[in-house]
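Novice: Quick one: the structure is below, and I'll ask about it shortly.
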Amino acid sequence: MKKYLLVTYNSFSEILTYRLNFAMWRLRNVLGFLTIYFLWTAVMPENGTLFGYSYQQMLTYVLLNMLITSIVLSTKTHEIAENINSGDLSVFLIKPFGYFKYWFFRDLGDKAMNILFSILEVALLIFLFKPPLFIQTNLTYLGLFVLTLFLAIILHFFISSILSLTGFWSSEVWAPRFIFYILITFFTGGIFPLDILPQPIYEVFMFLPFAYLQYFPLKIYLGGLSQIEILQGFLMSISWTLIFFWLANYIFRLGLKSYTAVGR
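If you want the working numbering, it's the 1-based position in the sequence shown plus 413.
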């Protein structure tokens with residue numbers, strides 16, 4: 414375990430080395446958040462509800478979503494494709510640790526830095542705009558919220574890893590990843606709560622894995638789900654995590670058969 418914790422520490426330190434890249438990433442996130450924030454403050458009535466959400470609940474959803482994005486969607490797994498294309502994967506294959514474990518703990522270092530800055534940014538935005546916020550005090554909901562975030566982190570890790578494993582067969586990985594993350598913002602509920610969609614479309618979205626990355630944890634925090642819906646959501650989240658875990662390992666083994674170590 415010590416060697417993996419060292420990987421996390423090195424990943425954290427690496428961000429401090431390339432500060433400008435990190436600052437641009439954080440600025441992009443803040444600008445994206447402000448766009449959504451001002452959209453919903455313009456649309457939502459201060460008194461009354463819209464789409465079943467009060468003004469307070471919707472602004473809480475938007476602000477908390479910014480924090481969850483840093484916790485769940487920040488990742489270093491895009492480097493897996495670079496690792497494969499450059500032939501550096503050969504070095505990893507002879508090292509005494511699991512390949513996916515290495516990248517997971519590398520992810521944790523990246524997430525730690527993003528979470529730290531995200532908390533500071535959210536605190537600053539709350540200080541500047543003073544939005545009314547919904548504070549969840551039910552310990553059961555808070556515990557379930559934390560648990561769903563943990564599952565979301567693992568699920569996203571394997572989804573993102575699979576995208577990068579396409580590097581075994583193609584050197585062009587950035588374009589598919591870029592398109593995927595444009596789409597995932599919509600499918601995860603990053604722009605609006607998914608339950609404002611028509612019921613048939615909402616049910617399709619809840620069958621897909623992406624709703625369990627952001628929307629599902631947020632709804633639990635807001636106390637907007639019944640016990641049955643929470644149980645169903647957990648089962649779906651765990652199922653998708655196991656499916657993508659198996660897929661990532663299967664694709665990795667399949668890719669090794671065609672890996673030629675070009676560049677090494």
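The beta-carbon is built from N, C-alpha and C at its ideal position, and this holds for glycine as well.
Let me check one thing: in DSSP terms, what residues is Y466 bridge-paired to?
Specialist: Beta-bridge pairing links Y466 to L463.
Novice: If you compare alpha carbons, which of I641, F657, G580 and L638 is closest to F623?
Specialist: The shortest C-alpha separation from F623 is found at F657.
Novice: Is any non-hydrogen atom of the ligand MG found closer than 7 angstroms to the C-beta of T421, if you look at the structure I gave you?
Specialist: As for the ligand MG, it is missing from this structure, which has no ligand bound.
Novice: For a test of the three-state rule: what should DSSP assign to G445, helix, strand or coil?
Specialist: Looking at G445 - three-state DSSP - the assignment turns out to be helix.
Novice: Consult DSSP for V586 and reduce its assignment to one of helix, strand or coil.
Specialist: DSSP places V586 in coil when its eight states are reduced to three.
Novice: S583: buried (16+ other C-beta within 10 angstroms of its C-beta) or exposed?
Specialist: Exposed is the call here.
Novice: Note down the Cα distance separating L578 from I664, rounded to an integer number of angstroms.
Specialist: Taking the straight line from one Cα to the other gives about 7 angstroms.
Novice: Is S531 near M471, with beta carbons less than 8 angstroms apart?
Specialist: Their beta carbons are not under 8 angstroms apart, which means S531 does not touch M471 by this criterion.
Novice: Okay, do the region 537-555 and the region 635-654 touch, 3+ Cβ pairs below 8 angstroms being the bar?
Specialist: Taking 8 angstroms as the limit for Cβ pairs, the verdict is that the region 635-654 does touch the region 537-555.
Novice: My output table needs one value for E551: the three-state DSSP class, helix, strand or coil.
Specialist: Glu is not the amino acid found at residue 551; the sequence shown has Asn there. Three-state DSSP puts N551 in coil, outside helix and strand.
Novice: Between the Cα of T454 and those of N442, L444 and Y468, spot the shortest distance and give me the residue it belongs to.
Specialist: Comparing Cα positions, the closest option is Y468.
Novice: Could you tell me how far apart the beta carbons of N434 and S483 are, in whole angstroms, since I believe they sit closer than 8 angstroms?
Specialist: N434 to S483, Cβ: 16 angstroms. No contact.
Novice: Between which residues of its own chain and L610 is the CB-CB distance below 6 angstroms, once the five residues before and five after are set aside?
Specialist: Nothing listed; no residue qualifies.
Novice: Could you give the first and the last residue of the continuous alpha helix (DSSP H) run that contains D520?
Specialist: Y512 to F542 is the span of the alpha helix (DSSP H), which, as asked, contains D520.
Novice: What does a CB cutoff of less than 6 angstroms around I567 pick up in its chain, not counting 5 residues either side in sequence?
Specialist: Closer than 6 angstroms at Cβ, skipping near neighbours: T654.
Novice: Throw me the rounded Cβ distance for the F650 and F618 pair, which I believe falls under 8 angstroms.
Specialist: A quick correction: the sequence has Ser, not Phe, at residue 650. Between F618 and S650 the Cβ distance is about 14 angstroms, and since that is not below 8 angstroms, they are no contact.
Novice: Assuming the contact rule is C-beta atoms closer than 8 angstroms, L562 and V475 should be a hit. Round their C-beta distance to whole Å, please.
Specialist: Their Cβ separation, rounded to whole angstroms, is 17 angstroms, which puts L562 and V475 out of contact at 8 angstroms.
Novice: Determine the DSSP secondary structure at F758, reduced to helix, strand or coil.
Specialist: No answer is possible for residue 758: it lies beyond the span of the chain, which begins at 414 and ends at 677.
Novice: My guess is that F601 and L626 are in contact by the Cβ rule of under 8 angstroms, so how many angstroms apart are they, rounded?
Specialist: Per the sequence shown, residue 601 should be read as Thr rather than Phe. Yes, they are in contact, since the Cβ atoms of T601 and L626 sit about 5 angstroms apart, within 8 angstroms.
Novice: Check whether the Cβ atoms of A494 and G580 sit closer than 8 angstroms, and answer yes or no.
Specialist: For A494 and G580, yes; Cβs fall inside 8 angstroms.
Novice: If you draw a straight line from the alpha carbon of S574 to that of W587, how long is it in whole angstroms?
Specialist: Approximately 13 angstroms, taken between the alpha carbons.
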